[in-house]
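All remarks here apply to the structure that follows.
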Amino acid sequence: MTVLNLINSLATDCRDKTFLIAPESGEELTFAQLRDKVALVSAQLDAMGSRRGEHVAMLMDNGLWTAILLLAVMASGRVAVPLNAIAGDGQLEYVLDHCDASILFASGEHEERASRLADRVRRPVSVIPACPDQGPQWPTVGLVEVVQLEPLEPEANALLMYTSGTTGKPKGVLLTHRSVIAGGKNTVEAHALSSEDRALCVLPLYHINAEIVTVIAPLISGGSVVMPHRFSTRAFWNWIRDYQCTWFSVVPTIVAYLQEHGDTQETSVRANPDYARLRFGRSASSALPASSHKAFEKEFGIPLIETMGLTETAAQILSNPLPPFQAQYGSPGIAYRNEVKVVASSGEEAPRGVIGELMVRGDNVMKEYYKNPEATAETLTSNGWLRTGDLGYQDEDGFFYITGRLKELIIKGGENIAPREIDDALLKHPAVLEAAAYAQEDETYGQQIMACVVFKNGKQASETELREFCGKEVGKFKTPSSIHSVQWLPRGPSGKVQRLKIADMLDELAEEQQMASRA
1 MTVLNLINSL ATDCRDKTFL IAPESGEELT FAQLRDKVAL VSAQLDAMGS RRGEHVAMLM
61 DNGLWTAILL LAVMASGRVA VPLNAIAGDG QLEYVLDHCD ASILFASGEH EERASRLADR
121 VRRPVSVIPA CPDQGPQWPT VGLVEVVQLE PLEPEANALL MYTSGTTGKP KGVLLTHRSV
181 IAGGKNTVEA HALSSEDRAL CVLPLYHINA EIVTVIAPLI SGGSVVMPHR FSTRAFWNWI
241 RDYQCTWFSV VPTIVAYLQE HGDTQETSVR ANPDYARLRF GRSASSALPA SSHKAFEKEF
301 GIPLIETMGL TETAAQILSN PLPPFQAQYG SPGIAYRNEV KVVASSGEEA PRGVIGELMV
361 RGDNVMKEYY KNPEATAETL TSNGWLRTGD LGYQDEDGFF YITGRLKELI IKGGENIAPR
421 EIDDALLKHP AVLEAAAYAQ EDETYGQQIM ACVVFKNGKQ ASETELREFC GKEVGKFKTP
481 SSIHSVQWLP RGPSGKVQRL KIADMLDELA EEQQMASRA
């Protein structure tokens, strides 16, 4: 199965059924129209001299045409390279240079930036303005010949995603059509998606969660997707109501923002007949605190399914089962359609309850890190297992629990401390919206525990109060030596907090404050 097979099959079997909906314009796209748009994009790329196998980059906000271009590039036998629109110029310049794309679609506010970046790259890059609602401004003159697309092999390259990780330069995760389709099927099976389901996609399409979970999975199930330009707390529930969405996928930060603005809802979502079709919400990309999970379900009255996925695994590997099964709070769930195991430092599979590194094997696993054989060899074993770098354990019922990252462990006085334990303690404080613990070198203990918090709107707490609160939860030894209040936390493309970059962020903020005070 390939993305092209999938689109052609749907265009034949349910040609007039709606697949994409743009709430800002009200425009809808059927499966038959999707097939025609895909063929047109391929023909235009052909006319520009782009050939099968070549890489095509995208620096775009969400929209109907952003989704069309993403699918069309893959279905035409080329490799889609979505660029992180909120990344810095330095990172984007590196990615654009490294990915070998000769064409870059850029929308609206990103056009000038895209041209500037293209000028710095060591090869010619054609920048094509592309409105998320109306499509590209093709440089070709006159009509192009639209022909039937040639069949693809499942092992053909489809998607190149850059993940910044915790340190160093971003790595390019290369996914084949087999991986992309397998990732979508994992989501379909775990969430029992059908042609009657409609997803709300509020995560950006340079995010593996949005691409695979809320575009490819509905494509596989024959469902539909509501595709607004960006997330909005004010419009979120209105979109679900107005377009009768049955599910949505978000990240823990959005869960927190929806709770913070929950007073905009007059009644529980579940108790309101306008939301009768809404089956569940889904959280992924980073750990969902149990306290936040429970509070969300209590406030809105709908199930929130915690899951886990990586860019390297084409998104989802673990998920909690759907109701009537009771969610295992604090766990991203069990494996669906791929193998997941915990491996001890000895290299042997760890017994239930023992912490080790999570490893994954399945058709959804990446092909390689693009042009990085050393990193590929470190991550992929000879028998197909992918080392995730995540630490955790599996309980007696088969549910996995994540305790941290190998590179982010805090080792204080010889004791391994998982930063998430500190995060969860601070998040229980009523004033705290987000929290992130991290390590700082220390002569006495080797490393000392530090933390940053983002406060809820209109809420504050002193550092002393937070340290005392945390101490009651985790004890004095694990209480951060210092807790900083910040406006934001550094995050990677998938939304995960980059703990190893927090210290540099604080140094930069301190330097900016010093310069401002001197002015």
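Counting in full-length UniProt numbering, the sequence shown runs from 1 upward without gaps.
Note that the Cβ used here is the ideal one computed from N, Cα and C, for glycine as well.
A quick note: this is a predicted structure, and the numbers were derived from the prediction, not measured.
Item                                                                                                                                                                        : Value
Helix or strand or just coil, what does DSSP make of Pro324?                                                                                                                : coil
Please identify the residue among Ser9, Val121, Ile128, Asp119 whose C-alpha is closest to the C-alpha of Leu45.                                                            : Ile128
Quick check on Val79: does DSSP put it in helix, strand or coil?                                                                                                            : strand
Could you check if Thr12 is buried or exposed, using at least 16 other CB atoms within 10 Å of its CB as the buried criterion?                                              : exposed
For Ala451 and Val173, what's the separation of their Cα atoms in angstroms?                                                                                                : 30 Å
Under 8 Å between the Cβ atoms of Asn320 and Gly333?                                                                                                                        : yes
If you count every other CB in all the chains shown that lies within 10 Å of the CB of Glu306, and 16 or more means buried, which is it?                                    : buried
Beta carbon of Ser249, beta carbon of Ala284: below 8 Å?                                                                                                                    : yes
Can you list, in chain order, the residues of its chain whose CB lies under 8 Å from that of Trp406, leaving out five sequence neighbours each side?                        : Before going on, a small fix: residue 406 reads as Leu here, not Trp. The residues are Glu357, Gly389, Asp390, Leu391.
Going residue by residue through the stretch 421-456, where are the continuous beta strand (DSSP E) segments of at least 3 residues, counting only ones entirely within it? : 432-442, 446-455
Nearest to Leu304 by CA position, among Ser76, Ala315, Pro289, Ile317, is which residue?                                                                                    : Pro289
With C-beta atoms as the reference, is Leu160 less than 8 Å away from Val269?                                                                                               : no
Would you decide whether Glu211 is buried or exposed? Buried here means 16 or more other CB atoms lie within 10 Å of its CB.                                                : buried
Report the three-state DSSP secondary structure of Tyr370 (helix, strand or coil).                                                                                          : coil
As a quick exercise: from Ala350, Gly384, Gly49, Glu339, pick the residue whose alpha carbon is nearest that of Pro139.                                                     : Gly49
Is Thr166 helix, strand or coil when you go by DSSP?                                                                                                                        : Since pLDDT at Thr166 reaches only 48, below the 50 mark, its modelled position is unreliable, and no value is offered.
Rounded to the nearest angstrom, how far is the Cβ of Ser224 from that of Thr18, given a contact under 8 Å?                                                                 : 5 Å
Among Asp197, Ala217, Ile208, Ala156, which residue has its Cα nearest to the Cα of Lys185?                                                                                 : Ala217
In this structure, how does DSSP classify Met1 when only helix, strand and coil are distinguished?                                                                          : coil
Suppose you measure from the CA of Gly404 to the CA of Gln328; what does that come to, to the nearest Å?                                                                    : 18 Å
Indicate the three-state DSSP secondary structure (helix, strand or coil) for residue 522 in the structure shown.                                                           : Lying before the first or after the last residue shown, residue 522 is absent from the chain, which here runs from 1 to 519.
Which stretch, first to last residue, makes up the alpha helix (DSSP H) that contains Tyr257?                                                                               : 252-260
Could you tell me whether the Cβ atoms of Asn62 and Pro132 are closer together than 8 Å?                                                                                    : yes
Ala32: which of Thr2, Phe477, Leu92, Ile68 sits nearest, CA to CA?                                                                                                          : Ile68
Let me make sure I understand the geometry here. Which of Asp424, Gly108, Lys501, Glu153 has the alpha-carbon closest to that of Gly135?                                    : Gly108
CA-CA distance, Ile7 and Ala43?                                                                                                                                             : 16 Å
Measuring CB atoms only, is the stretch 406-420 touching the stretch 454-472, in the sense that at least three cross pairs come out at less than 8 Å?                       : no
Given a threshold of 16 other Cβ atoms within 10 Å of its Cβ, counted over all protein chains shown, does Val354 qualify as buried or as exposed?                           : exposed
Going by the DSSP bridge assignment, what does Ser249 pair with across the sheet?                                                                                           : Cys201, Arg282
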